[in-house]
Amino acid sequence: MANTTTPFPDRFVWGAASSAYQVEGAAHVDGRADSVWDAYCQVPGTIFENHTGETACDHYHRFKEDVEIMRRIGLRAYRFSISWPRVLPGGVGEVNEKGLAFYDRLVDALLESDIAPWLTLFHWDYPLALHTRGGWLNRESADWFADYTRIIVDRLSDRVAHWMTLNEPQCFIGGGPSNLPLAPGHRATLAEQLQMWHHAAIAHGRACQVIRERAKLKPSIGYAPVGVSPIPADNQPASIEAARRAATSVTHPNLWNNTWFNDPILLGRYPEDGLRVYGADAPRIQQGDMEIIQQKQDFLGLNIYHGLPTRMNHAGQPEEAPRPPGYPRTAFNWPVDPESLYWGPRFMHERYKTPIYITENGLSNTDSVSLDGKVHDPQRIDFLRRYLRELRRAIADGADIRGYFQWSIMDNFEWLDGYKQRFGLVHIDYTTQKRTPKDSAWWYAHIIESNGAALEDDPFQRSG
Ligand code: IFM
4 MANTTTPFPD RFVWGAASSA YQVEGAAHVD GRADSVWDAY CQVPGTIFEN
54 HTGETACDHY HRFKEDVEIM RRIGLRAYRF SISWPRVLPG GVGEVNEKGL
104 AFYDRLVDAL LESDIAPWLT LFHWDYPLAL HTRGGWLNRE SADWFADYTR
154 IIVDRLSDRV AHWMTLNEPQ CFIGGGPSNL PLAPGHRATL AEQLQMWHHA
204 AIAHGRACQV IRERAKLKPS IGYAPVGVSP IPADNQPASI EAARRAATSV
254 THPNLWNNTW FNDPILLGRY PEDGLRVYGA DAPRIQQGDM EIIQQKQDFL
304 GLNIYHGLPT RMNHAGQPEE APRPPGYPRT AFNWPVDPES LYWGPRFMHE
354 RYKTPIYITE NGLSNTDSVS LDGKVHDPQR IDFLRRYLRE LRRAIADGAD
404 IRGYFQWSIM DNFEWLDGYK QRFGLVHIDY TTQKRTPKDS AWWYAHIIES
454 NGAALEDDPF QRSG
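Going by this note's numbering, the sequence shown opens with residue 4, and the numbers climb by one from there.
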């Protein structure tokens, strides 16, 4: 077993992430048009307390203050997404110059602070105008996405080198772990969902081609699926093998797996077991599709929040193992499984041999401003410390993991849960828009500055 205190690689990318609809606000400012989420938020009873992303963190107007906080934390990289309907109100056609100019300002501010911009093209806020034309169900959606990508690349690729096409397709095509409908609220059939993913995968491939052909800076390209992370229920070799098989197979006719999404992109084919499990629901594939989908990937992003304890059953098949009563959970009721940041990237690296970045990881917590004016969030510090130590162990054991993006730089609009869940390193008072970096922000600064060495320090022994 490797030494677990092996330091992170010298050029390890320490970052934090957000997405446009969750932080920007300014939903009807400077020509931005509605996305499916603007529409969905208008349906009474859909979002917690009928919250909307209309104002969110007002990052659109306050990005300079936010970038200054990022600079003080010492972030090396900031992962953000572009609002497609801010740039192209109709989804295609006329460009909204004012919308595009916002991203110029944001990218410039980041670079002035020595923070590398990591740009995600699509993080769920699909233009409503295109949704009414069928959205991802329409095969033309790949052309629409390629056109949109061209506009962003032509404008920003002289300053942006790191690109992600899609965020968490498992969720935006309508499923998600709890099978709750996300926007636009249409509960698609399994066959529709698989067809939508096929079109989105073609869109991903087309976008990669556009970026490679047109980018001014040499691009580094990937995408960010939500990594499903089976973890061995114990140290037995059979449990490790069960978790490995569960992480790399399609066993149920739902979308909650890795390989149906990653195999076409990284291996150029859908997995055989998936084709069997989905049967007649599998997508219609045209000649040449798989060649478009499989474009060179510089990295695989993984969004990992928790694991799925797995063991081998008597029939030699992987099965979920129960967690003990009172198992630690976040405010979102998600289990705290630090080993998911060990096994998740390890299994994915074994299968795809591609460099990995953790593009999201973090927890929601019930943070509030204390009487002393600070936000004390020891649970977040303890969570991140545990997860990052496991990530370090995965690196030490040979997984090529090159960076980590904490979710999220600031509290924000958490989709169906509105502003109830707080994931940020920075607390947002949604009434005043006051920003208060939490204790975890300064703890993370210390981790970044020491390139992870400070993970050894007991954070609760330090003062201040
Ligand atoms: O807030 C979301 C993000 O938009 C996608 N990944 C999971 C996060 C927490 O739920």
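Quick reminder that beta carbons are idealized off the backbone N, C-alpha and C, glycines included.
For a test of your reading of the model: does the CB of Q298 fall under 7 Å from any non-hydrogen atom of ligand 1? Yes or no.
no
Would you call the CB atoms of A19 and L391 closer than 8 Å?
no
Determine the closest residue to Q409 out of A444, K423, R354 and D375, with distance taken between C-alpha atoms.
A444
Give a single yes or no on whether W410 has its beta carbon closer than 7 Å to a heavy atom of ligand 1.
Taking the Cβ of W410 as the reference point, at least one heavy atom of ligand 1 falls within a distance shorter than 7 Å.
Excluding the 5 residues flanking R272 on each side, which residues of the same chain have their C-beta closer than 7 Å to its C-beta?
D266 and M293
Determine the extent of the beta strand (DSSP E) in which H165 is found, giving its start and end residues.
H165 to N170
Would you kindly work out how many angstroms separate the C-alpha atoms of G177 and E195, rounded to a whole number?
Their backbone Cα atoms lie some 9 Å apart in a straight line.
Where the beta strand (DSSP E) containing I404 begins and where it ends
That run of the beta strand (DSSP E) goes I404 to W410.
I need the DSSP call for G179, collapsed to helix, strand or coil.
Unreliable positioning characterises G179 in this predicted model, as indicated by a pLDDT of 38, which lies under 50. The coordinate reading is nonetheless provided below. In the structure shown, G179 sits in coil (DSSP, three-state: anything other than H, G, I, E or B).
On the CB-based measure, 16 or more other CB atoms within 10 Å of its CB, does P348 come out buried or exposed?
By the neighbour-count criterion, in which 16 or more other beta carbons inside 10 Å mark a residue as buried, P348 falls on the buried side.
Can you tell me where the alpha helix (DSSP H) holding F66 begins and where it ends?
Taken as a continuous stretch (DSSP letters only), the alpha helix (DSSP H) holding F66 covers H62 to I76.
Are there 16 or more other CB atoms within 10 angstroms of the CB of F463, so buried, or fewer, so exposed?
exposed
Range of the contiguous beta strand (DSSP E) that encloses M315
L311 to M315
Coil, strand or helix - W121 by DSSP:
strand
I'd like the span of the beta strand (DSSP E) that includes W139, first residue to last.
Where W139 is concerned, there is no enclosing beta strand (DSSP E), given that its DSSP letter is neither H nor E.
Host alpha helix (DSSP H) of I359 (start-end):
If you look at I359, you'll find it isn't in any alpha helix (DSSP H); it sits in the beta strand (DSSP E) that goes I359 to E363.
Any heavy atom of ligand 1 inside 7 Å of the beta-carbon of N260?
No, ligand 1 has no heavy atom inside 7 Å of this Cβ.
Less than 7 Å between the CB of Q212 and some heavy atom of ligand 1, yes or no?
no
Taking the CB atoms as reference points, tell me whether V339 and T439 lie closer together than 8 Å.
no
Exposure of L311, with buried meaning 16 or more beta-carbon neighbours within 10 Å
It is buried - the Cβ of L311 has at least 16 other Cβ atoms within 10 Å.
In the DSSP assignment, find the unbroken alpha helix (DSSP H) run with F105 in it and report its ends.
E100 to E115
Just to confirm my understanding: we take I431, look at its own chain, exclude 5 residues before and 5 after, and list those with CB closer than 6 Å. What are they?
Hits under 6 Å: C60, M413 and D414.
DSSP three-state call for R272: helix, strand or coil?
coil
Classify G179 as buried or exposed, calling it buried when 16 or more other Cβ atoms lie within 10 Å of its own Cβ.
Because the pLDDT at G179 is just 38, under 50, the model does not fix this residue reliably, and the point stays unresolved.
Any chance the CB of F386 is under 7 Å from a heavy atom of ligand 1?
Closer than 7 Å to some heavy atom of ligand 1: that does not describe the Cβ of F386.
Can you tell me the Cα-Cα spacing of R326 and R158, whole angstroms?
49 Å
DSSP bridge partner residues for A80 (one or two, in chain order):
Note: A80 sits in a beta bridge opposite G18 and A119.
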